[in-house]
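Below: one structure, written as structure tokens.
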Amino acid sequence: MSDNALYTDLSGYYDLMCADINYRAQSNSAHRLQQIFGNGGTRHLDLACGTGPHIQYLLQEGYQCSGLDINQPMLDLAKQRCPEADFTLGNMCDFEIDTPYDFITCFLYSIHYSGDIKHLTDCIRSVHSALSANGVFCFNSVDKNHIDNDLSAKHSVHVENSVFSFGSSWFYRGEGEKQTLKLSIEKADSNHTQRWNDEHPMVAIGFAELLALLAPYFDVHVFEHEHDKIVAWNQQSGNAIFVCVKKDNEGEI
Ligand SMILES: C[S@@+](CC[C@H](N)C(=O)[O-])C[C@H]1O[C@@H](n2cnc3c(N)ncnc32)[C@H](O)[C@@H]1O
């Protein structure tokens, strides 16, 4: 089954699954980082935008937003949520644009969906080409060397007469450039329980290697994975926010 099919199945549950994520805080944090490091422009593109939660909040900050995702059912939900934004079906590892963007985001670790180092490099190159001068690329990432296979995040939501329970966890076997995101959904009502499990293949990378991939294209600033304050990365944490300012080096790469 392709990643596309996985999110087709998931799209109807996606916003419930993410009900405990503070998208407003994440979007505000991204906006503050763009104000500090960016070029002041308002053209924004969210890669792997899903159902458009970041776009919803960044529109309120005055951005002219677009979203790109590989899954049409997710984009359909995004368009319902944000009718004033533009949405395009496409692959973040291979996309071209007509007019450059000032600010490109990619959240919820979605850059790892590029799948392997080659496609991650293609994604970085595509983002660089799509940015205006001094434009900013902001994303979050997990360092493969810090993945604890025993950790998982869980939460439950009551919807009408059912209880939905969602689980997610990383798995990395300790070597190579592949990790998986394991997702589980359980829907229980008084009569029966339905369970749904899936594993999404993703690229595994350490932060040192990621910084080396970004370096030819961007000046990179790394921050702790916090959204209510801006704190420099302590060089130890396995989750971080990357703020990448486009280098003015056309022709040298
Ligand atoms: C975990 S969701 C994140 C959605 C949204 N960014 C959020 O924070 O809620 C991952 C999204 O990545 C999309 N995706 C996966 N691979 C992709 C690719 N190669 N190019 C563009 N989108 C992709 C999926 O369709 C899905 O909507």
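Using full-length UniProt numbering, read the sequence shown as starting at 1 and increasing by one per residue.
Cβ coordinates follow ideal geometry from the N, Cα and C atoms, glycine included.
Quick caveat: nothing in here was measured; it's all calculated off a predicted structure.
Item, Value
"Pick from Asp69, Ala130 and Pro73: whose alpha carbon is nearest that of serine 110?", "Asp69"
"Can you list, in chain order, the residues of its chain with a C-beta nearer than 7 Å to that of glycine 157? Leave out the 5 residues immediately preceding and following it.", "Going by the sequence as given, residue 157 is valine instead of glycine. Here the set comprises Leu16, Ala19 and Phe164."
"Can you list, in chain order, the residues of its chain with a C-beta nearer than 6 Å to that of serine 184? Leave out the 5 residues immediately preceding and following it.", "Gly167 and Asn197"
"Would serine 114 and phenylalanine 87 qualify as a contact pair, given that the criterion is a beta-carbon distance under 8 Å?", "no"
"Kindly examine ligand 1 and report whether one of its heavy atoms sits closer than 7 Å to the Cβ of aspartate 122.", "no"
"If isoleucine 55 sits next to aspartate 46, beta carbons under 8 Å apart, how far is it from one beta carbon to the other, in whole angstroms?", "5 Å"
"By how many angstroms is the C-alpha of glutamate 177 removed from the C-alpha of threonine 8?", "26 Å"
"On the DSSP bridge list, what partners appear for arginine 195?", "Glu186"
"Give me whichever residues DSSP pairs with cysteine 106 in a beta bridge.", "Phe139"
"Counting pairs of Cβ atoms below 8 Å between the segment 145-154 and the segment 116-125, do you hit three or more?", "no"
"So who's on the other strand from glutamate 224, going by DSSP bridges?", "Ala240"
"Can the beta-carbon of serine 162 be found less than 8 Å from the beta-carbon of aspartate 189?", "yes"
"Quick check: does the Cβ of methionine 92 come within less than 7 Å of any heavy atom belonging to ligand 3?", "In the structure on display, ligand 3 does not appear, and the ligands it does have are ligand 1."
"Starting from leucine 123, follow the alpha helix (DSSP H) in both directions and report where the run begins and ends.", "Per the sequence shown, the amino acid found at residue 123 is cysteine instead of leucine. Element bounds for cysteine 123: 117-130."
"Give the range of the beta strand (DSSP E) segment to which lysine 154 is assigned.", "153-159"
"Counting pairs of beta carbons, one from the segment 25-41 and one from the segment 227-245, are three or more of them closer than 8 Å?", "yes"
"In chain order, what residues of the same chain lie with their CB nearer than 8 Å to the CB of alanine 130, ignoring the 5 residues before and after it?", "Leu45, Phe95, Glu96, Ile97, Pro100, Tyr101 and Ile104"
"Among all the DSSP beta bridges, which residues are the ones paired with threonine 88?", "Leu68"
"Short of 6 Å in beta carbon distance, which residues of its chain neighbour phenylalanine 207, apart from the five on each side in sequence? Order them along the chain.", "Asp143"
"With 16 as the cutoff for other CB atoms within 10 Å, does asparagine 249 come out buried or exposed?", "exposed"
"Quick check on aspartate 76: does DSSP put it in helix, strand or coil?", "helix"
"Going by the DSSP bridge assignment, what does methionine 202 pair with across the sheet?", "Gln179"
"Between which residues of its own chain and asparagine 239 is the CB-CB distance below 6 Å, once the five residues before and five after are set aside?", "Val142 and His225"
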